[in-house]
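Everything below concerns the one structure shown next.
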Amino acid sequence: MSSAVSPASRTVLVTGATSGIGWETARLLAERGDTVIVHAPGQASGDDAVARLVAAGVDTLRLRLVVADFSRLDEVRVMAARVAEEHPALDVLVNNAAVAAPERHTVTADGNEISFQVNFLAAYLLTHELSGPLSARPGSRVVNVSSSMHRTASISWNDPQRAKRYSRLAAYAQSQLALTIFTREQAPWTSVSVHPGVCDTGLLSLYAHEGDSALQGAQRVVRLCDPATALVPGAYYDCTALSPAAPVAMEDRTVRRLCKLADQLVAAKSA
């Protein structure tokens with residue numbers, strides 16, 4: 007991957023950018039000369055993340071901070087409106103924010119299982135709310151940071167909130183499968199999903215006892231953000247390799263069914 011700064015500064019939004027792969031992704035992109043919108047779930051964690059980026063050598067003029075708790079869809083909408091107002095053209099959206107599903111079944115104020123909402127529904131809503139800025143310039147990209155665990159998953163269509171039979175691994179895997187399926191929705195921009203590798207982040211315990219560094223995972227994400235990297239629209243990448251997604255994620259009817267379900271769930275509390 008080239009370390010050269012892009013010819014023209016782009017504007018990139020990275021969700022879940024306060025730690026791990028998201029923070030490293032924000033750092034690498036800002037170092038390349040991009041304006042990076044750093045998303046944080048709260049003001050304090052956001053201020054801390056920006057301070058650490060500046061301490062790491064990032065030009066503070068390259069950074070913008072936005073705050074939204076993805077367990078509250080109304081905050082996602084407010085954040086999206088602010089981003090759209092301040093950045094009428096958005097070149098890249100990195101949907102990286104994710105949480106591990108908790109041991110006990112947990113439902114958000116919007117009525118959704120928390121990992122399904124934070125890991126998928128919030129990304130779905132944010133992407134749609136930012137359709138204007140993402141469509142403003144040619145060549146825009148959406149990079150969904152997914153997981154190889156999507157291959158073990160199924161969408162519980164009759165009980166997407168998994169209220170009847172809850173398993174934290176099944177819930178988390180479902181959220182990653184949903185994000186991978188969503189990548190194939192038709193849009194004016196190019197969307198891809200990527201498994202950045204098993205990395206030493208807050209989600210490591212779901213996978214293994216040790217993994218690659220967050221920086222290595224971020225490098226794989228940033229590669230897909232680079233306009234010099236040719237992308238296959240709707241494709242799934244395992245680290246740096248183009249890889250077949252789970253068969254169900256390749257079904258057009260499943261893409262339509264999931265997007266219909268997501269529309270219903272994100273609209274449920276929007277009135």
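Residue numbering for the sequence shown follows our numbering, starting at 7 and increasing by one per position. Yeah, the Cβ is synthetic: ideal placement off N, Cα and C, and Gly gets one too. All figures in this text were calculated on a predicted structure; none of them were measured in a lab.
With a cut-off of 8 Å on the beta carbons, I'd call residue i and residue j a contact; round off their distance for me.
{"i": "leucine 132", "j": "asparagine 118", "result": "Going by Cβ atoms, the distance from leucine 132 to asparagine 118 rounds to 15 Å, so no, they are not a contact pair."}
{"i": "leucine 67", "j": "valine 228", "result": "Not a contact, Cβ separation roughly 20 Å."}
{"i": "tyrosine 242", "j": "serine 199", "result": "5 Å"}
{"i": "threonine 260", "j": "valine 254", "result": "6 Å"}
{"i": "proline 250", "j": "arginine 226", "result": "With a Cβ gap of about 18 Å, proline 250 and arginine 226 do not count as contacting."}
{"i": "aspartate 65", "j": "glycine 48", "result": "No, aspartate 65 and glycine 48 are not in contact; Cβ-Cβ is about 24 Å, not under 8 Å."}
{"i": "serine 154", "j": "valine 124", "result": "The pair is not a contact, with the Cβ atoms about 19 Å apart (cut-off 8 Å)."}
{"i": "arginine 33", "j": "leucine 59", "result": "6 Å"}
{"i": "glycine 240", "j": "serine 197", "result": "6 Å"}
Is the beta carbon of residue i less than 8 Å from the beta carbon of residue j?
{"i": "valine 44", "j": "leucine 79", "result": "no"}
{"i": "isoleucine 161", "j": "asparagine 102", "result": "no"}
{"i": "valine 89", "j": "proline 139", "result": "yes"}
{"i": "leucine 183", "j": "serine 146", "result": "no"}
{"i": "valine 42", "j": "valine 18", "result": "yes"}
{"i": "alanine 30", "j": "alanine 220", "result": "For the sequence presented, residue 30 should be read as glutamate rather than alanine. Going by C-beta atoms, glutamate 30 is nearer than 8 Å to alanine 220."}
{"i": "alanine 279", "j": "histidine 156", "result": "The shown model of the chain, from 7 to 277, leaves out residue 279, and the question about it has no answer."}
{"i": "valine 204", "j": "aspartate 218", "result": "yes"}
{"i": "valine 98", "j": "arginine 16", "result": "yes"}
{"i": "alanine 142", "j": "proline 94", "result": "yes"}
What is the rounded straight-line gap between the Cα of residue i and the Cα of residue j?
{"i": "leucine 210", "j": "alanine 106", "result": "Below a pLDDT of 50, predicted positions are generally treated as unreliable, and leucine 210, at 48, falls in that range; the measurement from the model is reported next regardless. Distance between the alpha carbons of leucine 210 and alanine 106 is about 9 Å."}
{"i": "valine 56", "j": "leucine 69", "result": "7 Å"}
{"i": "threonine 24", "j": "valine 149", "result": "18 Å"}
{"i": "glycine 39", "j": "leucine 136", "result": "22 Å"}
{"i": "aspartate 54", "j": "alanine 234", "result": "32 Å"}
{"i": "tryptophan 163", "j": "alanine 268", "result": "11 Å"}
{"i": "alanine 224", "j": "tyrosine 172", "result": "31 Å"}
{"i": "alanine 159", "j": "leucine 175", "result": "9 Å"}
{"i": "alanine 104", "j": "threonine 186", "result": "13 Å"}
{"i": "glutamate 109", "j": "phenylalanine 122", "result": "14 Å"}
{"i": "alanine 214", "j": "alanine 46", "result": "Because the pLDDT at alanine 214 is just 49, under 50, the model does not fix this residue reliably, and the value given afterwards should be weighed accordingly. Roughly 26 Å separates the two Cα atoms."}
{"i": "glutamate 91", "j": "threonine 112", "result": "33 Å"}
{"i": "aspartate 244", "j": "tryptophan 195", "result": "21 Å"}
{"i": "arginine 168", "j": "alanine 274", "result": "17 Å"}
{"i": "glutamate 81", "j": "threonine 189", "result": "23 Å"}
{"i": "arginine 262", "j": "glutamate 191", "result": "8 Å"}
{"i": "valine 272", "j": "aspartate 165", "result": "16 Å"}
{"i": "aspartate 116", "j": "alanine 236", "result": "38 Å"}
{"i": "leucine 264", "j": "histidine 134", "result": "14 Å"}
{"i": "methionine 85", "j": "alanine 62", "result": "26 Å"}
Based on DSSP bridge pairs, tell me the residues matched to residue i.
{"i": "arginine 58", "result": "Its beta-bridge partners do not exist; DSSP assigns none."}
{"i": "arginine 70", "result": "Ile43"}
{"i": "histidine 201", "result": "Asp244"}
{"i": "asparagine 101", "result": "Asn150"}
{"i": "valine 124", "result": "Valine 124 pairs with nothing; no bridge assigned."}
{"i": "leucine 19", "result": "Ile43 and Leu99"}
{"i": "valine 113", "result": "Glu119"}
{"i": "threonine 196", "result": "Arg147"}
{"i": "serine 249", "result": "Tyr242"}
Against chain C, with Cβ distances strictly below 8 Å, would residue i count as a contact?
{"i": "phenylalanine 188", "result": "Any reference to chain C falls outside this structure, which holds one protein chain only."}
| request: Enumerate, from N- to C-terminal direction, the unbroken alpha helix (DSSP H) stretches of 4 or more residues contained entirely within the region 128 to 178. | output: 128 to 135 and 137 to 141
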